[in-house]
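Working notes, structure below.
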Amino acid sequence: MKDQALIHDLAALARLSFEGEAGDRMARDMESIMRLMDTVAEAEISETDLPPAEGGMELLREDEQKPSMAAGEILANAKGRQGSFFAVPKLIE
Amino acid sequence: MNLHLKSIKELRGLLDGADLTAQELTQYYLDRIQKLDPIIHAYITVNEKAMEQAEAAQKMIEAGAAGPLTGIVLGLKDNICTKGLRTTCASKMLEDFIPAYDATVAEKLEEAGAIFIGKLNMDEFAMGASTETSFFGATRNPYDPERVPGGSSGGSAAAVAAGLCVAALGSDTGGSIRQPAAFCGVTGIKPTYGRVSRYGLVAFASSLDQIGPIAKSARDCAYLLDAISGQDPKDMTSRPSEAVVPMLGESVEGTVIGVPKECFGEGLDPEVRAAVEKAIEKYEEMGCVIREVFMPSLKYAVPAYYLISSAEASSNLARYDGVRYGYRSKEGKNFEEQVIATRNEGFGNEVKRRILLGTYALSGAQFDAYYKKADLLRRRIKKEYEEIFRICDCMITPTAPEAAFKFGEKGGDPTELYLADLYTAAVNIAGLPAVSTTCGYTKEWLPIGMSIVGKPFAEGEILNLADAFEKKFNYILNDFCL
Chain A
1 MKDQALIHDL AALARLSFEG EAGDRMARDM ESIMRLMDTV AEAEISETDL
51 PPAEGGMELL REDEQKPSMA AGEILANAKG RQGSFFAVPK LIE
Chain B
94 MNLHLKSIKE LRGLLDGADL TAQELTQYYL DRIQKLDPII HAYITVNEKA
144 MEQAEAAQKM IEAGAAGPLT GIVLGLKDNI CTKGLRTTCA SKMLEDFIPA
194 YDATVAEKLE EAGAIFIGKL NMDEFAMGAS TETSFFGATR NPYDPERVPG
244 GSSGGSAAAV AAGLCVAALG SDTGGSIRQP AAFCGVTGIK PTYGRVSRYG
294 LVAFASSLDQ IGPIAKSARD CAYLLDAISG QDPKDMTSRP SEAVVPMLGE
344 SVEGTVIGVP KECFGEGLDP EVRAAVEKAI EKYEEMGCVI REVFMPSLKY
394 AVPAYYLISS AEASSNLARY DGVRYGYRSK EGKNFEEQVI ATRNEGFGNE
444 VKRRILLGTY ALSGAQFDAY YKKADLLRRR IKKEYEEIFR ICDCMITPTA
494 PEAAFKFGEK GGDPTELYLA DLYTAAVNIA GLPAVSTTCG YTKEWLPIGM
544 SIVGKPFAEG EILNLADAFE KKFNYILNDF CL
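Protein sequences appear in the order of chains A and B. If you count the first sequence from 1, position 26 lands on 26 in the numbering used here, and the numbers rise without skipping. If you count the second sequence from 1, position 173 lands on 266 in the numbering used here, and the numbers rise without skipping.
In structure tokens, the structure reads:
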């Protein structure tokens, strides 16, 4: 992950952005981090001889209708609200 | 009376015997926080309603309805949601977030009559091993305020060590309870994945996160663990479990302890090695059987952990867009630009690094090489533990490669701090329980921790082993507790 272009693309996917010096610093940090992560990429391993992956879905509760929180409680932490709705800037110009 | 040095059992005796009220105990800790926390900085928020909880607890005591934790003053890591009480995750993103509901652990402790004195500092979104990534500033180690308390539950460990609460809850994704417990000279247990409900714990890496206690002793940890354990309809990964307190005090003679060779090699500080080896000898004197064991895949544990946890974090933290809660930037001409500005301004650098790493590991071209391989290694590490537990009852390792380091000492390369998880991350990957307790001190009188790792849901056995050691160990108090 050496180049700024890749950092830029990943940042776009992650809804972040890094410009100028911040981008250079992040590229340097990520290069060092990827050197450590490459140990995993280089490991010799396949599915053979491994126990099966666990599902963990066996303890789902019954799908029952239960009371919801009041709209006011849910909206209390929102920075933008109109009536009982979350308010955001325009999505379409 | 030095109430901050007393165990939960001793405080229980004072409270039940009417020698102390829950309000007096709460005021005692509020006074200590006011006096000492400006130096330690363990608390992000002190609970203004603590005295109201104390009054309710006192009524329970007077009505003869007290349980083990009624009237006991606790601190909670600030990623555990508390209804009506600010929960920040030590991030600008949640600086003024007030949850509309309680985490299951908070609900259980409140029902048990515990008092929440405040919310404790941590690394931002639990990502870090020093508490230096907190938006609110770092916590200091009570054994040496020039050094870090560890992390991410550094506030919880420092508060217990400095006597700023009786005990605390932390959370552990890759070592975040055990490493700060070791650095601050206290005891902390990361429970088996599923023993404690994660409902209301702000998610970092959902397949690894667990809430657990940090306290002055294994016995105090056991009281908290029993109070917060249990299956919860709100967390489908939670499971029923047996109480651990009744298992304390049993003989440890004949227990087979595995000592993994790979945990005593390169990268381990000689003073830490000597202290842990001496503790192993002590167990041998108690009649335990020591066996050398091997974990050839341990070298992959740290990178595999960072790939899995960062992949999950990149997904879990996608929710922070400034719409429903949390920080919202004033920049941006449209919705998309505002979301990007919100995340840029709201998250710190370490959180951004983990999000980028996770995004990279999950991206189409890299998925097989990184995330899938890390998942396969997770299964191999788990298999290696299973093989060891066929011949051993538990394992002992150092908790961290070294004792508490100085602030800024590891600021240059982010991977230097990642290696602090060398002996702890594999335990999370395998979903096992592990307790860290103090087993020695360096020449500079910094605490050294050892970890006892158990089979799934064997918290009773490992806490009993820690308790047996603690009874024979000579503790050195830090200046704040004297």
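Think of the CB as a built atom: it goes at the ideal place given N, C-alpha and C, for glycine as much as any other residue. Computed from a predicted structure; not experimentally measured.
Q: Would you list, in sequence order, the uninterrupted alpha helix (DSSP H) runs of no fewer than 4 residues that lie entirely inside the segment 333 to 399 of chain B?
A: 363 to 378
Q.
For P242 (chain B) and D325 (chain B), what's the separation of their Cα atoms in angstroms?
A. 32 Å
Q: Could you tell me which residues DSSP puts in a beta bridge with V166 (chain B)?
A: B:I208
Q: Identify which residue in B:T197, B:L104 and B:G533 has its Cα closest to the Cα of G164 (chain B).
A: B:L104
**Q.** Segment contact flag, the segment 413 to 423 of chain B with the segment 183 to 194 of chain B, C-beta cutoff 8 Å, min 3 pairs
**A.** yes
Q | C-alpha distance - A261 (chain B) paired with K426 (chain B), whole-angstrom precision | A | 44 Å
Q: Go through its chain and collect everything with a Cβ distance to G342 (chain B)'s Cβ below 8 Å, but skip five positions before and after it.
A: N557 and D560
**Q.** Closer than 9 Å at the beta carbon, the chain B residues around G80 (chain A)
**A.** G415, V416 and R421
Q | Option in B:K354, B:F357, B:G248 and B:F218 with minimal Cα separation from V295 (chain B) | A | B:F218
Q: Compare the Cα-Cα distances from G595 (chain B) to each of A:H8, A:D29 and A:L16 and report the closest residue.
A: No answer is possible for residue 595 (chain B): it lies beyond the span of chain B, which begins at 94 and ends at 575.
Q) Closer than 8 Å, CB to CB, is F478 (chain B) near chain A or not? A) A quick correction: the sequence has Tyr, not Phe, at residue 478 (chain B). Not closer than 8 Å to any Cβ of chain A, the Cβ of Y478 (chain B) fails to qualify, so no.
Q. Does any heavy atom of the ligand ADP sit closer than 7 Å to the C-beta of F297 (chain B)?
A. The ligand content of the structure shown is nil, which means the ligand ADP is not present either.
Q.
Check this for me: beta carbons of D319 (chain B) and S100 (chain B), under 8 Å apart or not?
A. no
(Q) Once DSSP output is grouped into helix, strand and coil, what is the label at T266 (chain B)? (A) coil
Q: Name the one or two DSSP bridge partners that I304 (chain B) has.
A: B:S264
Q: Determine the DSSP secondary structure at R15 (chain A), reduced to helix, strand or coil.
A: coil
Q.
Let's test the definition: count the other Cβ atoms within 10 Å of the Cβ of T48 (chain A) and tell me whether it reaches 16, buried, or not, exposed.
A. exposed
Q: Closer than 7 Å by beta-carbon distance: list the chain B residues that pair up with F86 (chain A), in chain order.
A: V416 and R417
**Q.** The beta strand (DSSP E) enclosing C487 (chain B), as first and last residue numbers
**A.** C487 to P491
Q) CA-CA distance, E355 (chain B) and L391 (chain B)? A) 7 Å
Q | Nearest-angstrom Cβ-Cβ length linking N571 (chain B) and Y236 (chain B), presumed shorter than 8 Å | A | 5 Å
(Q) Using the Cβ count rule (16 or more neighbours within 10 Å means buried), how would you classify S68 (chain A)? (A) exposed
(Q) Using 8 Å as the threshold, is the C-beta distance between I369 (chain B) and M543 (chain B) below it? (A) First, the residue type needs correcting, since residue 369 (chain B) is Val and not Ile in the sequence shown. Against a cut-off of 8 Å, the Cβ pair of M543 (chain B) and V369 (chain B) comes out as a contact.
**Q.** Member of B:L123, B:L167, B:A397 and B:I321 whose CA lies at the smallest distance from the CA of V253 (chain B)
**A.** B:L167
**Q.** Candidates B:V432, B:V546 and B:P131, of which the one nearest P238 (chain B) by Cα
**A.** B:P131
Q) Is S544 (chain B) helix, strand or coil by DSSP? A) strand
Q) What residues in its chain sit with their C-beta under 6 Å from that of F600 (chain B), if we drop five residues either side in the sequence? A) One cannot answer for residue 600 (chain B) here, as it falls past the ends of chain B, which runs 94 to 575.
**Q.** K503 (chain B), buried or exposed, once every other Cβ within 10 Å from all chains shown has been counted against 16
**A.** buried
Q: Could you tell me if K576 (chain B) is buried or exposed, where buried requires 16 or more neighbouring beta carbons within 10 angstroms of its beta carbon?
A: Because residue 576 (chain B) is not part of the residues shown, which for chain B are 94 to 575, the question remains open.
(Q) Suppose you measure from the CA of Q146 (chain B) to the CA of A159 (chain B); what does that come to, to the nearest Å? (A) 14 Å
**Q.** C-beta atoms of L13 (chain A) and T452 (chain B) nearer than 8 Å
**A.** yes
Q: List the endpoints of the continuous alpha helix (DSSP H) containing G247 (chain B).
A: G247 to A254
**Q.** Option nearest L59 (chain A) by Cα separation, candidates B:D328, B:C182, B:C381 and B:F229
**A.** B:D328
(Q) For A404 (chain B), count the other beta carbons within 10 Å of its own beta carbon; 16 or more makes it buried, fewer makes it exposed. Which is it? (A) buried
Q) In the segment 64 to 78 of chain A, which residues sit with their C-beta less than 8 Å from some C-beta in chain B, listed in chain order? A) M69, E73, I74, A76, N77 and A78
Q) Under 8 Å between the Cβ atoms of P51 (chain A) and K476 (chain B)? A) yes
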